[in-house]
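*Asks:* Going by the numbering used here, the sequence shown wraps up at 308, each residue one higher than the last.
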Amino acid sequence: MAEALYCIKPVPELLSLGLVLFGLVNLRQQTNCGQFYGRYAEKIGWTVPAKIGWFIQEMPSFMVPVLCLYVGKGSNIIARGVLLLFCAHYLQRTFIYSLLTRGRPVPLFIVISSVIFCSFNGFLQGYHLVFCTTYPESWLKDIRFILGLMIFLLGMTINIHSDYVLRNLRKPGETEYRIPRGGMFEYVSGANFFGEIVEWFGYAIAAWTVSAFAFAFFTVCSIGPRAYHHHRYYVKKFEDYPKSRKAVIPFIF
């Protein structure tokens, strides 16, 4: 069996701990130093066109787990199916979102850093599920899997719809920022970030592995501050910005 041949039990737990610690460091850095994407990325070294940058940096999160699936052909089929949720997100982000994005150029150091992180996280999720996790057949009827799957699909829907709203805020050639409206943007400034956070907590519940929960935690630490900075920018820029709208968590923050 692939599990017996390749799984080294402490590895996923140790890597997951590292991911949590890195999330805390990332949270502190972004809170103290601001952002390095989009409108915040001006004059920060060399940059890469948005479409190319996003494609390159997201690709490892798709390809590394797919490689794990290929190598671990004899592993637990349900675990492989759970990993496909992770792959589905990055299939969309790599091959669809990157082609549709109209974002500003991405700093080269962000692209390189993201490639390293996505390779690490793609390996962690793929390795843990394919080589170290075995679910019973009853897992497909378990409330954790069903609830997690529903939350994941809800989050992915919110994320994709919010990206659509942002892409269509301005006509080609326009540079002026506008207030995003519709969908979850009626409740939070970072609706796309909120959707992704929901998505990964749904994945974590469906997978019920320490590595999946570590990634969900990291996601909050990574994009939570970005939502806050976006919200603060909108509030300062637009006098008529909706007062009831929060940064990333509806009705709370």
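Note that the Cβ used here is the ideal one computed from N, Cα and C, for glycine as well.
Quantities reported herein were computed from a predicted structural model and do not represent experimental measurements.
Can you look up Pro162 in the DSSP assignment and give me helix, strand or coil?
*Replies:* One-based indexing of the sequence shown puts residue 162 at position 107. Reduced to three states, the DSSP call for Pro162 is strand.
*Asks:* Leaving aside the five residues before and after Gly301 along the sequence, list all residues of the same chain whose C-beta is less than 8 Å from its C-beta, in chain order.
*Replies:* For this step, residue 301 is matched to residue 246 along the sequence shown. In the sequence as displayed, the identity of residue 301 is Lys instead of Gly. Same-chain partners within the cutoff: Tyr242, Val243, Ser244, His286, Ile307, Phe308.
*Asks:* Pick from Lys226, Leu179, Glu254, His183: whose alpha carbon is nearest that of Gly203?
*Replies:* On the sequence shown, position 148 is the one that residue 203 refers to. Cα-wise, what sits closest to Gly203 is Glu254.
*Asks:* With DSSP run on the structure shown, which of helix, strand or coil describes Tyr288?
*Replies:* Residue mapping note: residue 288 aligns to position 233 of the sequence shown, counting from 1. Helix at Tyr288.
*Asks:* What does a CB cutoff of less than 7 Å around Ser153 pick up in its chain, not counting 5 residues either side in sequence?
*Replies:* One-based indexing of the sequence shown puts residue 153 at position 98. Only Lys106, Trp109, Phe110, Glu113 meet the Cβ criterion.
*Asks:* Need the endpoints of the alpha helix (DSSP H) that Pro305 sits in, please.
*Replies:* Locating residue 305 in the sequence shown gives position 250, where the first residue counts as 1. Neither: Pro305 is in no alpha helix (DSSP H) and is coded neither H nor E.
*Asks:* What number of angstroms, rounded off, separates the C-alpha of Ser130 from the C-alpha of Asp197?
*Replies:* Counting from one through the sequence shown, the residue named residue 130 turns up at place 75. Counting from one through the sequence shown, the residue named residue 197 turns up at place 142. For Ser130 and Asp197, the distance between alpha carbons rounds to 20 Å.
*Asks:* What residue does the alpha helix (DSSP H) around Ser193 start on, and which one ends it?
*Replies:* Stepping through the sequence shown from its first residue, residue 193 is reached at position 138. Where Ser193 is concerned, there is no enclosing alpha helix (DSSP H), given that its DSSP letter is neither H nor E.
*Asks:* Can you tell me whether Thr264 is helix, strand or coil according to DSSP?
*Replies:* The residue given as residue 264 occupies position 209 in the sequence shown. In this structure, Thr264 counts as coil in the three-state DSSP scheme.
*Asks:* Just the C-alpha distance for Leu69 and Ile151, rounded to the nearest angstrom, thanks.
*Replies:* As a first step, residue 69 must be located in the sequence shown, where it is residue number 14. As a first step, residue 151 must be located in the sequence shown, where it is residue number 96. Roughly 33 Å separates the two Cα atoms.
*Asks:* Can you name the residues that DSSP bridges to Thr102?
*Replies:* Within the sequence shown, residue 102 is the residue found at index 47, counting from 1. Beta-bridge pairing links Thr102 to Pro162.
*Asks:* I'd like the list of long-range same chain contacts for Ala262, defined as Cβ closer than 6 Å, with 5 residues on each side in sequence excluded.
*Replies:* Position 207 of the sequence shown, counted from the start, is the residue given in the question as residue 262. The answer, listed in chain order, is Val137.
*Asks:* Between the stretch 212 to 230 and the stretch 171 to 184, can you find at least three pairs of beta-carbon atoms closer than 8 Å?
*Replies:* No, they do not touch.
*Asks:* Decide if Pro191 is buried, meaning its Cβ has at least 16 other Cβ atoms within 10 Å, or exposed.
*Replies:* For the purposes of this step, residue 191 is taken as the residue at position 136 of the sequence shown. Burial call: exposed.
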